[in-house]
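Colleague: Note that my numbering has the sequence shown beginning at 7, numbered continuously upward. Ideal placement from N, C-alpha and C gives every residue a C-beta, glycine not left out. Computed from a predicted model, the values in this text were never measured in an experiment. Take this structure first; my questions come after.
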Amino acid sequence: IVAIDVLRGFALLGILVANITLFDLDGFDAVEQSFEDLVIGSAGAPFMVVLLIFVLNKMMAVFSMLFGAGVLLVTERIEARGESAFGVHYVRNVLLAGIGLAHSALWFGDVLLIYGLSALFLYPLRRLAARTLLVAGTAVWLFAACVGDPVAEYVVRAPAMMLVGMGLYRLGVINAGRDAAWYRMATRRSFAMGLPLCSVAWVFLEDQEDLALLVNNLGVPFMALGYV
7 IVAIDVLRGF ALLGILVANI TLFDLDGFDA VEQSFEDLVI GSAGAPFMVV LLIFVLNKMM
67 AVFSMLFGAG VLLVTERIEA RGESAFGVHY VRNVLLAGIG LAHSALWFGD VLLIYGLSAL
127 FLYPLRRLAA RTLLVAGTAV WLFAACVGDP VAEYVVRAPA MMLVGMGLYR LGVINAGRDA
187 AWYRMATRRS FAMGLPLCSV AWVFLEDQED LALLVNNLGV PFMALGYV
């Protein structure tokens with residue numbers, strides 16, 4: 007639990023950093039335009055490079071993984087007492103979706119509604135094998151990365167990483183169930199695959215923004231695994 011809480015705090019800090027750049031925007035089209043208007047030689051370019059490579063979508067992916075793991079953690083604890091987790095799970099997440107619905111009226115970047123609604127579909131999937139969860143989550147993420155619509159991508163990628171998080175929880179990865187040597191190896195391999203993709207995305211940013219976001223999103227799961 008401590009490991010999950012530490013990771014959650016780390017992810018929330020990263021999400022805050024990413025959202026600072028979005029607070030004065032009023033929609034997904036404005037987000038895309040802000041990338042298109044970025045001049046490589048501008049004073050803000052170094053910050054945007056770091057944001058694109060290390061933060062954008064990565065921290066949200068980490069947080070989504072932890073949300074999925076949390077679904078299993080809470081339901082397993084309740085069921086270990088011989089009780090049904092159905093009521094607790096659905097009441098909590100319907101309330102979360104309600105809060106998100108209200109918040110979405112204030113800011114286009116709300117994720118609570120997406121998280122609350124996604125969780126409603128996670129409950130019947132909680133007993134799937136780890137491999138099935140990982141494959142399903144990866145497939146949904148790839149679909150979201152390639153769909154080409156920023157709104158659809160924004161909605162779909164959260165439940166995708168929730169499924170991955172559930173799979174990693176089943177494998178004992180996200181809940182500190184492996185030894186330190188395993189985590190060091192996994193971190194090196196994940197960043198070795200994710201960093202090149204997310205770095206190359208910056209090369210395309212000025213002239214081919216759609217391609218940049220696609221390449222970045224392909225690298226996101228690897229970067230998120232590296233952080234986990």
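For my contact list, residue 10 and residue 72 are in at a C-beta cut-off of 8 angstroms; report their separation, rounded to the angstrom.
Modeller: 6 angstroms
Colleague: Given residue 184, which residues of its chain have a CB within under 7 angstroms of its CB, disregarding the five upstream and five downstream residues?
Modeller: 178
Colleague: Since residue 150 and residue 125 are thought to touch, with beta carbons under 8 angstroms apart, how far apart are those beta carbons, to the nearest angstrom?
Modeller: That belief does not hold up - the Cβ atoms of residue 150 and residue 125 are roughly 18 angstroms apart, past 8 angstroms.
Colleague: Can you tell me whether residue 15 is helix, strand or coil according to DSSP?
Modeller: helix
Colleague: On the DSSP letters alone, give me the boundaries of the alpha helix (DSSP H) that residue 153 sits inside.
Modeller: Counting along the chain, residue 153 falls outside any alpha helix (DSSP H), and DSSP gives it neither H nor E.
Colleague: CB residue 173 to CB residue 128, shorter than 7 angstroms?
Modeller: Their beta carbons are not under 7 angstroms apart, which means residue 173 does not touch residue 128 by this criterion.
Colleague: By how many angstroms is the C-alpha of residue 93 removed from the C-alpha of residue 99?
Modeller: Using only the alpha carbons, I get a separation of about 10 angstroms.
Colleague: If you scan the stretch 103-170 from start to end, which runs of the beta strand (DSSP E) of 3 or more residues do you find wholly inside it?
Modeller: none
Colleague: Determine, using beta-carbon pairs with one atom in the stretch 219-226 and one in the stretch 54-66, whether at least three such pairs fall under 8 angstroms.
Modeller: yes
Colleague: Just how far apart, CA to CA, sit residue 196 and residue 232?
Modeller: 5 angstroms
Colleague: From what residue to what residue does the alpha helix (DSSP H) around residue 182 run?
Modeller: No alpha helix (DSSP H) contains residue 182, which DSSP labels as neither H nor E.
Colleague: Please determine whether the Cβ atom of residue 103 lies at a distance below 6 angstroms from any heavy atom of the ligand ATP.
Modeller: For the structure depicted, the ligand ATP is absent and the ligand set is empty, with no information on it obtainable.
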